[in-house]
Each structure stands twice: as C-alpha cells, then as structure tokens.
Amino acid sequence: MWNQFFLLEEYTGPDTQYVGKLHTDQDKGDGNLKYILTGDGAGSLFIIDENTGDIHAAKKLDREEKSLYVLRAKAIDRKTGRQVEPESEFIIKIHDINDNEPKFTKDTYTASIPEMSGVGIIKTALPDMSRENREQYQVVIQAKDMGGQMGGLSGTTTVNITLTDVNNNPPRFPQSTYQFSSPESAPPGTPLGRIKANDPDVGENAETEYSISNGDGSDMFDIVTDKDTQEGIITVKKHLDFENKLLYTLRVEATNTHPDPRFLQLGPFRDTAFVKISVEDIDEPPVFSRPWYLIEVDEDAKEGNIIGQVVAQDPDITRNAIKYSVDRHTDLDRIFNIYSGNGSLFISKPLDREETPWHNITVIATEINNPRQSTQIPVFIRILDINDHAPEFAKYYETFVCENAKAGQLIQTVSAVDKDEPPQGHKFFFELVPEFAVHPNFSIVDNKDNTAGIMTRRNGYSRSKMSTYLLPIIIFDNDYPIQSSTGTLTIRVCACDSRGNMQSCNAEALLLPAGLSTGALVAILLCIIILLVLVVLFTALKRQRKKEPLIVSKDDVRDNIVTYNDEGGGEEDTQAFDIGTLRNPEAREESRMRRDVIPETIFQIRRTAPLWENIDVQDFIHRRLKENDSDPAAPPYDSLATYAYEGNDSIANSLSSLESLTTEGNQDYDYLSDWGPRFKKLADMYGGEDSDQD
Numbered sequence: 000m001w002n003q004f005f006l007l008e009e010y011t012g013p014d015t016q017y018v019g020k021l022h023t024d025q026d027k028g029d030g031n032l033k034y035i036l037t038g039d040g041a042g043s044l045f046i047i048d049e050n051t052g053d054i055h056a057a058k059k060l061d062r063e064e065k066s067l068y069v070l071r072a073k074a075i076d077r078k079t080g081r082q083v084e085p086e087s088e089f090i091i092k093i094h095d096i097n098d099n100e101p102k103f104t105k106d107t108y109t110a111s112i113p114e115m116s117g118v119g120i121i122k123t124a125l126p127d128m129s130r131e132n133r134e135q136y137q138v139v140i141q142a143k144d145m146g147g148q149m150g151g152l153s154g155t156t157t158v159n160i161t162l163t164d165v166n167n168n169p170p171r172f173p174q175s176t177y178q179f180s181s182p183e184s185a186p187p188g189t190p191l192g193r194i195k196a197n198d199p200d201v202g203e204n205a206e207t208e209y210s211i212s213n214g215d216g217s218d219m220f221d222i223v224t225d226k227d228t229q230e231g232i233i234t235v236k237k238h239l240d241f242e243n244k245l246l247y248t249l250r251v252e253a254t255n256t257h258p259d260p261r262f263l264q265l266g267p268f269r270d271t272a273f274v275k276i277s278v279e280d281i282d283e284p285p286v287f288s289r290p291w292y293l294i295e296v297d298e299d300a301k302e303g304n305i306i307g308q309v310v311a312q313d314p315d316i317t318r319n320a321i322k323y324s325v326d327r328h329t330d331l332d333r334i335f336n337i338y339s340g341n342g343s344l345f346i347s348k349p350l351d352r353e354e355t356p357w358h359n360i361t362v363i364a365t366e367i368n369n370p371r372q373s374t375q376i377p378v379f380i381r382i383l384d385i386n387d388h389a390p391e392f393a394k395y396y397e398t399f400v401c402e403n404a405k406a407g408q409l410i411q412t413v414s415a416v417d418k419d420e421p422p423q424g425h426k427f428f429f430e431l432v433p434e435f436a437v438h439p440n441f442s443i444v445d446n447k448d449n450t451a452g453i454m455t456r457r458n459g460y461s462r463s464k465m466s467t468y469l470l471p472i473i474i475f476d477n478d479y480p481i482q483s484s485t486g487t488l489t490i491r492v493c494a495c496d497s498r499g500n501m502q503s504c505n506a507e508a509l510l511l512p513a514g515l516s517t518g519a520l521v522a523i524l525l526c527i528i529i530l531l532v533l534v535v536l537f538t539a540l541k542r543q544r545k546k547e548p549l550i551v552s553k554d555d556v557r558d559n560i561v562t563y564n565d566e567g568g569g570e571e572d573t574q575a576f577d578i579g580t581l582r583n584p585e586a587r588e589e590s591r592m593r594r595d596v597i598p599e600t601i602f603q604i605r606r607t608a609p610l611w612e613n614i615d616v617q618d619f620i621h622r623r624l625k626e627n628d629s630d631p632a633a634p635p636y637d638s639l640a641t642y643a644y645e646g647n648d649s650i651a652n653s654l655s656s657l658e659s660l661t662t663e664g665n666q667d668y669d670y671l672s673d674w675g676p677r678f679k680k681l682a683d684m685y686g687g688e689d690s691d692q693d
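Note that numbering that gives the first Met the number 0 has the sequence shown beginning at 0, numbered continuously upward.
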C-alpha cells in the first residue's frame, strides 16, 4: 500500500514533516535514476528528494482547508531520460487534530415556545411556566468536542427565549357593580358608558364578547364590543320614560371568543357584573293621543258647531296644564277655531265642499307654565257633500229647428251637470215646466241616462211668424233633498235643405223679394239715411228743451211706472219706514202679457217664490231688478219702477226753513226750549227778536 500516505495537520516541529519515500526496484543505488513528483501541491507543499525519493511537507497543512491531496510519481533514467517504470499515483491524507473549538452558526438565537409546554430540545426547567409572570428569557449554551473529555475544545452561544401566549386566563371584571345614568330624552343608539373585563392574555386570546344575560332592562338597553379596546359599550335601545321607570338593573356577561380546550379545566372562561342605570327626568313637550287626526263634517254645518276634538297631555309627573291653538299659517281664512282649554274644534265660517273639499290644518298644544314646550299635530278635515246645488245644463245649446221639420223629429240632446257629488252617482230627470207640460210645438223625452231629447210635435215651422222659441225645462236630481232648476232652451227656426242641414236663420232675409232691382235697393238705402238724419235732428231739439219731471203728479200713472209713496215722520218716528210693505208679495207688480207678439209663443217660466221674510232691502231690490230684466213678459221698452217710502208725520212738524217765506208774521220758537238740551242751540238761534236782528 505504498500509494497512500498520512500526514498530521498543523505540524509545528523544527524540521519539515516527513511524509514518505518513493522507491523502485530498478534503483541500483548508483545514482542513475531520478525521482519526479507531480500533482496537488507538488513543489510547493510537498517536495521530493530526486535522488532518494524522500517526500517532505514544506508547510503546515490544515485539514479543514484540504484533507486530501493526489500526487503522481515517476522514476526516469538520467542518461536516457526514459521512465524505468510506468507513472504511479498516490494519495496523501491529512490526519485531523483537535485544533478548532465548536462554533455556533449564529451569535444569538431567538426562540419561542408556548407557555405551559412540555419536554423539548430546549425545555422548561419549571412546570407550567406562565407568560404573564415573565415573558422573556436568555439562555447561554456551550458545545464541547471530544465528548466533553479533557483536552477537548468548546464554544458558546446565546438563546433568547420568548414564551408565547395561550388562552389560559378567563376575563374578569374589576368590580361587580357599575353605575350609569341617562336622560329620558336620549334617542336609541345613545352610548351611556363603558365597562371592561380584564384578560391577561393578548391577541385573539384576549378577545371578549359582551352580552346582557338578563335583568329588568334587557329590552331597553343593548351592549356592543369595541374591538380595539375590548370594552363593552352600553347603549339605549328604546325610548326611556322617567314617569314609567326610574331605575334599571342589567346583568352583563363577558366571554372569551376563542377558548382553548386544553385549559377548560381551569374554570369557566366568562365573568358577570351588574349595571344599574338611572333615568333622569326632563321637561318634555305635550304628547297627543294620536299621531294625526281625521275629522269629517257636513258642508252645511252651522257656524259655531263643534266638529271634533284633539287631546294632548304633559307626559311629565307635574302634569302641566295644556292650551290649544290653530296654526294660522295653515288656516289663513280662519275657517276653523279651537277652544284653548279642551281642544274642541269648531267652525268660524261657512263651508263649501265644492270650493274646498279638504282642509289640512295644524293644531299646537303648549304647556301653560312653559310655553317653550309645544307640539304640533296635523288635522285633516274632510268636508262631506250635501245636496245643496241644483243641476243645470252642461253647456249652452245652440238649437235650431228646420222649417220643413216633421213631427217627432229629434232636434237636440241635452245633458246636465251638478257641482254636488252623491255617493251613488248623479241621476237627473228632465221635464217641461208644469204650465206647459203639453207644449204645442215641442216635447221632451227623458233618456234615463242623464240626457234628454227635444222632439218636434208638429209639421213645419215659419220664420216669418216666429223666428225663436223659448222652451223652459226643469232638471231634477235624485239626491236628498231634491234640488231642481229651470233652464230655458232657445230654439231658432232656420231654413234647411232636404237633408236637414241648416242654411240660414235670418228672418230679415225673407222681407226682401228675390227680384228687387239695383235701383230699388238704392232708393231703400236713401230712405233709411233720411230717417236717420231726422232722428238725429229730433234728438238734438229735444235736448234743448227744458227737461220735464218724470212724474208730473200723483195722478199721472203709466203702465211702466210703479210708485210707492209713504212719507215719514222725522227723527221721532221709529215706525216711519215699514219694510213689510216692500216685502209683501201682494205688492208685487202683476205680470202682463206682451201685446206686440203672438200670445202662444211666450211662456211664463215657473220660478220658485223667494223667501220674502228676513231679507235685506238691497238684496230684495236687486232680485226684483233681475226678475224684471229676465222676464220675457216685460214690455219691449224701458220701464221705471220706483220704491220710495217715508214714515208718518212727526209730532215736531217740519223744522226746515224752506217754507219760512210762505208763513205770515214771525214764528214763536220758544217751545224749542222745552224739548231738552238737544234743541237748545235751535232755541237760541230762532227764539227771540234779538237773534233775528243779529
């Protein structure tokens, strides 16, 4: 085994370290052979004696750097230069010596181990080590070679050990009872306070969930968990009422959200505490019995009638008195009013459903002792319909009848409208006025669908005899009380073609013969112009004359003048003006038929007699004037109706000086002094000659 040599590392002797010797059988010792060494470290680390073949290590070797060297050796003849044997390879191995102490890969190690852990490579020296007592530890570890025998080397390192947390501690409240207060006006969601159950653990092991387990206020309050601080926040869940309950007691429970099953034997991981919440009283505004009110009232309700009531009260213990009022911004017309003491609503003005079917007003309830405390409530007032409007024609009808019309022909269909709204819908009936129920010219047929047809009753109509007919029609409704009105339909007589299409309705066109020449037409126009000039001259002359009084004497009574003379008696006559005479229906002027037209073409329209009692004089006169204007039986010329009334004679006689010139001699006014202080000034002015001279 010549091809393997061994050499100690780190040789420190005075001479070079001998490795080994190369030798060949061809060497006779005569110095003819030469040994040559090649390979790893040849010539630098390893040198060979070329004559003897001895190999030495020229330097100290370190096995930790290189533990194996491969070299090749050959022997050559010095004379010929040829190898006497084939080249051989051999190995030099470096023997290890204990020249290096153990070294750790890191100067400092950091390790963590769960608290309460068992045996490990690095294990706790004490059982159940608690992180809460001490979290950080530092350990120095020594490593020795040679199995720790004498002469061995050693190395050390430091290990920093951190005990990680486990959930081995339950949450605990620091106190058993907490006190909070809340005003009764606190809205839901208002936080009242915070409580916290302490847990020595950290991270998710310290996460705590709070809940209200029971108590008399579990439905009035709630508790939520602050995830950042692990506190329980108590909030208001429902509106509080001091007058209903002053104090609430809650039982609050804190529980770990991530319990560790390994430590459940340590006890329940939860804790409880009691929370007492006191409610503070505040002055609250009045509270109505309803959130809104709906009142229905008939439109014919009288002024002053009570239509409904609103009720409010002070929710506080003091029970302050309440006064009611109507917000006038919601009732600008002041139709409604309210009794401030009891909240009863009543009507101040008449109602009209057809004008305003709904009224939305606001009622205000205010504490008398504290006007700043007030509450508003909406009141919806619905006006119920009363049949107080009579039906009338739906529109103005332009009706005509052809001259060649036949009996039984429909010339117009009429309908009606009514401002009222009966719940069962409208139902109208049509008929002629009773005085002309059997009309010689026209008839009416009720179609039973709120319309009626106007029919002809004879054949042929003449524009020359009568160009227009007035047909009074009564329209009834079907509600209670039944309302009716009379509408007059104006029917014109027109010329029509064979198909019934209207061609002309002018009666004047019939007066001109069809064959008049142009000269005749010019002559007619000249005559008309001359007549107009004469009328203008006559009017101008008449204006220059002295205007005669309208009524010359009491005996000058004409058909178109109605006089009522009743002289009063002065200041002391309280019975001078007798309104009863004016209101007496018997004093009304009797209707007279017109004498300038055919009697059969004029029909007296039936009217409902007005209420003569309790009516204002001005309204009465206006009604009389309207009746005369719309009366088809009135004369075709202007007429004058006068209404003049005076009382009876006064016992004081006339005090006017207008008749003073007609009396003979001086008058004696001394009696004026006996009439009292009111006539003292007159007595001084007219009594005695001195005053006259002055």
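The C-beta atom is built at its ideal place from N, Cα and C for all residues, glycine as well.
Small disclaimer: the values here were computed from a predicted structure and weren't measured.
| task | Between the Cα of D417 and those of I346, F428, K464, L67, spot the shortest distance and give me the residue it belongs to. | result | F428
| Which first and last residues belong to the beta strand (DSSP E) in which L152 is found? | Counted as a single uninterrupted DSSP element, the stretch harbouring L152 is not any beta strand (DSSP E), since DSSP gives it neither H nor E.
| query | So, L350 versus I385, is the Cβ gap smaller than 7 Å? | reply | Cβ atoms of L350 and I385: not closer than 7 Å.
| said: Can you tell me where the beta strand (DSSP E) holding D76 begins and where it ends? | reply: 67-76
| Once you ignore the five residues that flank A196 on each side, which residues in its own chain have a CB closer than 7 Å to its CB? | P170, R171, F172, T207, A253, D270
| query | Cβ of L409 within 7 Å of Cβ of M454? | reply | yes
| message | I'd like the span of the beta strand (DSSP E) that includes S683, first residue to last. | response | In the sequence as presented, Ser is not what sits at residue 683; that position holds Asp. Looking at the DSSP string, D683 is not in any beta strand (DSSP E); the run it does join, the alpha helix (DSSP H), is 679-685.
| request: Pull up the distance between the alpha-carbon of D227 and that of N341, whole angstroms please. | output: 56 Å
| task | Return the CA-CA distance between P113 and D98, expressed in angstroms with no decimal places. | result | 40 Å
| request: Count the other C-beta atoms from every protein chain shown that fall within 10 angstroms of the C-beta of H696, then say buried if there are 16 or more, exposed otherwise. | output: What is shown of the chain runs 0 to 693, which leaves residue 696 out entirely.
| message | Rounding to the nearest angstrom, what Cα-Cα distance links C493 and I443 in this structure? | response | For C493 and I443, the distance between alpha carbons rounds to 20 Å.
| said: Runs of 3 residues minimum, wholly inside the segment 421-447: which ones carry the beta strand (DSSP E) assignment? | reply: 428-431, 441-445
| Whole-angstrom distance between Q482 and D282, CA atom to CA atom | Distance between D282 and Q482, taken at the CA atoms: about 57 Å.
| Going by DSSP, which residues form a beta bridge with M454? | L409, S442
| query | By a C-beta neighbour count over all protein chains shown, 10 Å radius and 16 as the cutoff for buried, is D198 buried or exposed? | reply | buried
| field | Classification of L239 by the beta-carbon crowding that lies within 10 angstroms, buried from 16 upward | value | buried
| Under the three-state reduction of DSSP, which class applies to W291: helix, strand or coil? | Here W291 sits in coil by DSSP.
| Where D618 falls: helix, strand or coil (DSSP) | helix
| message | Just list the residues that DSSP pairs C493 with in beta bridges. | response | C401
| task | Could you pull the start and end residues of the beta strand (DSSP E) that G501 belongs to? | result | For clarity, residue 501 is Met in the given sequence; the question names Gly instead. Unbroken beta strand (DSSP E) run through M501: 501-503.
| message | Using only the alpha-carbon positions, how far apart do K348 and N336 sit? | response | 10 Å
| Ordered along the chain, which non-local residues of its own chain (more than five positions away) have a Cβ less than 6 Å from that of F5? | Closer than 6 Å at Cβ, skipping near neighbours: K92, H94.
| Rounded straight-line distance, which links the Cα of L152 to that of E63 | C-alpha separation (whole angstroms): 16 Å.
| query | Taking the alpha carbon of K394 as the point to measure from, which residue in A415, D26, I376 has its own alpha carbon closest? | reply | A415
| request: Provide the residue(s) that pair with V378 in DSSP beta bridges, ordered along the chain. | output: Y292, I360
| said: Taking contact to mean 3 or more Cβ pairs, one atom from each stretch, closer than 8 Å, check whether the segment 173-193 and the segment 230-246 are in contact. | reply: yes
| Top-ranked residue by Cα proximity to P285, from L249, K322, N255, I306 | K322
| Just curious, the beta strand (DSSP E) that V278 is in, first and last residue? | V278: member of the beta strand (DSSP E) spanning 269-279, first to last residue.
| request: Find the nearest neighbour of P290 within the set V309, V158, D299, judged by alpha-carbon distance. | output: V309
| message | Quick check for students: name the residue ranges of the beta strand (DSSP E) that lie wholly in the segment 176-261, counting only runs of 3 or more. | response | 176-182, 190-194, 207-214, 220-225, 230-235, 246-255
| said: Residues in the same chain with beta-carbon distance under 6 Å from G664, minus the five sequence neighbours each way, listed in chain order, please. | reply: Note on G664: pLDDT 49, under 50, position unreliable in the model; the coordinate value appears next. No residues qualify anywhere along the chain.
| task | Put I305 into one of helix, strand or coil per three-state DSSP. | result | strand
| task | Could you pull the start and end residues of the beta strand (DSSP E) that R17 belongs to? | result | The question names Arg, but residue 17 is Tyr in the sequence shown. From DSSP, the beta strand (DSSP E) with Y17 extends over 16-20.
| Going by alpha carbons, who is nearest to S343 out of G303, R456, D313, R327? | When each option's Cα is compared against that of S343, the closest is G303.
| field | Exposed unless 16 or more other CB atoms sit within 10 angstroms - verdict on H328 | value | exposed
| field | Reference P187, options L36, D221, D144, N159, closest by Cα | value | D221
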